[in-house]
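In the numbering used here, the protein residues as written are 41 to 288. Below is one structure, written out as structure tokens; comments come after it.
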Ligand code: ADP
Ligand code: MG
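What follows is the structure, encoded as structure tokens:
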């Protein structure tokens, strides 16, 4: 199959969003190919979270279009629930259910949202917990794990839905420094497996390793984008340069 004709994993077309008077996303056009790894960076408040939350329907938008694997995302109904199943998301704050064990956290959505049998959900959970190298903690509760372990469970939990695209919103920002690497290593392994990823992060070393493309946002705009070398070593825009000076 020619990659040129493959349906893009994600397309944002002239996406606009307002919070009241505040114009938070301004004519965002972004296309992510299947298997592509895109890193999104930019100053705090530039709209990065809002943009990626639009991709799986966590956020509504004022105008424009979001397509996931060629299907337009609706604000409700079957199209929205399909998009939610195709797009997994990992948050800064893990968001695991504290009253459920690691295994139960991973089994919940496949059983309740995909109608998977408990036996199959358990098998999937074991498989992905093994992939994030945390299978030995399956019977524990989130509160008994370190932040890095909890984030790896959150990644496994998202993978249990067999998503086609994974979104990460600053997945290492809430972690103690010594735990950042274990989570980034997990994400590198996922990238090596060919997962389509959109990741908001300021981990520039990781971005250089994994990204096919880096997108820089400021004040609700995609200011510039390019391969990591182009964007990090030869940014065109003054705003990009100023931002990179602070994080590199
Ligand atoms: P980033 O992830 O780049 O830090 P966000 O997407 O979280 O930025 O937010 C972009 C802007 O939108 C910020 O100025 C933020 O204050 C504003 N914002 C986010 N959520 C809301 C909300 N629910 N109501 C009003 N303004 C919001
Ligand atoms: Mg954010």
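Using N, Cα and C, we set each Cβ at its ideal position, and we do this for glycine too. The model shown is predicted, which means the values in this text are computed figures rather than measured ones.
*Starting from the Cα of residue 230, find the closest Cα among 213, 195 and 218 and give me that residue.*
Your numbering for residue 230 matches position 190 in the chain shown. If we check each option's Cα against that of residue 230, 195 comes out closest.
*Using 8 Å as the threshold, is the stretch 263-276 in touch with the stretch 92-103, meaning 3 or more CB pairs across them?*
Contact fails: fewer than three Cβ-Cβ distances are below 8 Å.
*Could you have a look at residue 204 and say whether DSSP puts it in helix, strand or coil?*
For the purposes of this step, residue 204 is taken as the residue at position 164 of the chain shown. Of the three classes helix, strand and coil, the one that applies to residue 204 here is coil, per DSSP.
*Just how far apart, CA to CA, sit residue 81 and residue 127?*
Residue mapping note: residue 81 aligns to position 41 of the chain shown, counting from 1. Residue mapping note: residue 127 aligns to position 87 of the chain shown, counting from 1. Each residue's Cα considered, the two are about 20 Å apart.
_Cβ shell of residue 2 (< 7 Å), same chain only, five flanking positions each side left out_ = Because the chain is modelled from 41 through 288, residue 2 falls outside the range shown and cannot be assessed.
*asked:* Is residue 240 close to the ligand MG? I mean its beta-carbon at under 8 Å from any heavy atom of the ligand.
replied: One-based indexing of the chain shown puts residue 240 at position 200. With a cutoff of 8 Å, residue 240 counts as near the ligand MG, since its C-beta is closer than that to a heavy atom of the ligand.
*Per DSSP, what kind of secondary structure is residue 71 in: helix, strand or coil?*
Counted from its first residue, the chain shown places residue 71 at position 31. Residue 71 falls in the strand class under three-state DSSP.
*asked:* Taking only three categories from DSSP, how would you classify residue 266?
replied: By one-based count along the chain shown, residue 266 stands at place 226. Three-state result, residue 266: strand.
*State the DSSP-derived secondary structure class of residue 272, mapped to helix, strand or coil.*
In the chain shown, counting from the first residue as 1, residue 272 sits at position 232. In this structure, residue 272 counts as helix in the three-state DSSP scheme.
_Residue burial classification, residue 143 (beta-carbon count within 10 angstroms, cutoff 16)_ = Position 103 of the chain shown, counted from the first residue, corresponds to residue 143. Residue burial annotation: residue 143 is buried, with at least 16 other C-beta atoms found within 10 angstroms of its C-beta.
_Let's see if you can read the secondary structure: which residues bound the beta strand (DSSP E) around residue 56?_
Counting from 1 along the chain shown, the entry for residue 56 is found at position 16. Its beta strand (DSSP E) spans residues 50-59.
*Exposed unless 16 or more other CB atoms sit within 10 angstroms - verdict on residue 86*: As a first step, residue 86 is located in the chain shown; it is residue number 46 there, counting from the start. With 16 or more Cβ atoms within 10 Å of its Cβ, residue 86 is classed as buried.
_Segment limits, beta strand (DSSP E) that includes residue 129_ = Reading the chain shown from its first residue, position 89 is the one you call residue 129. Element bounds for residue 129: 127-130.
*Do residue 146 and residue 164 have their C-beta atoms closer together than 9 Å?*
Start at 1 with the first residue of the chain shown, and residue 146 comes out as number 106. Start at 1 with the first residue of the chain shown, and residue 164 comes out as number 124. Cβ atoms of residue 146 and residue 164: closer than 9 Å.
*Considering only residues of the same chain and omitting the five flanking positions on each side of residue 192, which have a CB-CB separation below 8 Å?*
Taking the chain shown and counting its residues from 1, the one referred to as residue 192 is at position 152. Within the same chain, residue 192 has close Cβ partners 172, 173, 174, 222, 223 and 226.
_Alpha carbon of residue 61 to alpha carbon of residue 136, nearest angstrom_ = Taking the chain shown and counting its residues from 1, one reaches residue 61 at position 21. Taking the chain shown and counting its residues from 1, one reaches residue 136 at position 96. Within the model, the alpha-carbon separation for residue 61 versus residue 136 is close to 34 Å.
*Closest Cα partner of residue 134 within the set 240, 47, 211 and 284*: What you label residue 134 is simply residue 94 of the chain shown in a count that begins at 1. Among 240, 47, 211 and 284, the Cα nearest to that of residue 134 belongs to 211.
*Whole angstroms is fine: what's the gap from residue 255's alpha carbon to residue 264's?*
Position 215 of the chain shown, counted from the start, is the residue given in the question as residue 255. Position 224 of the chain shown, counted from the start, is the residue given in the question as residue 264. C-alpha separation (whole angstroms): 6 Å.
*Does the Cβ of residue 123 have 16 or more other Cβ atoms within 10 Å, making it buried, or fewer, making it exposed?*
One-based indexing of the chain shown puts residue 123 at position 83. By the 16-neighbour rule on beta-carbons within 10 angstroms, residue 123 is buried.
*asked:* Quick check on this structure: which residue in 236, 59, 156 and 180 has the alpha carbon closest to the alpha carbon of residue 138?
replied: By 1-based counting over the chain shown, the position of residue 138 is 98. Here the closest residue by C-alpha is 180.
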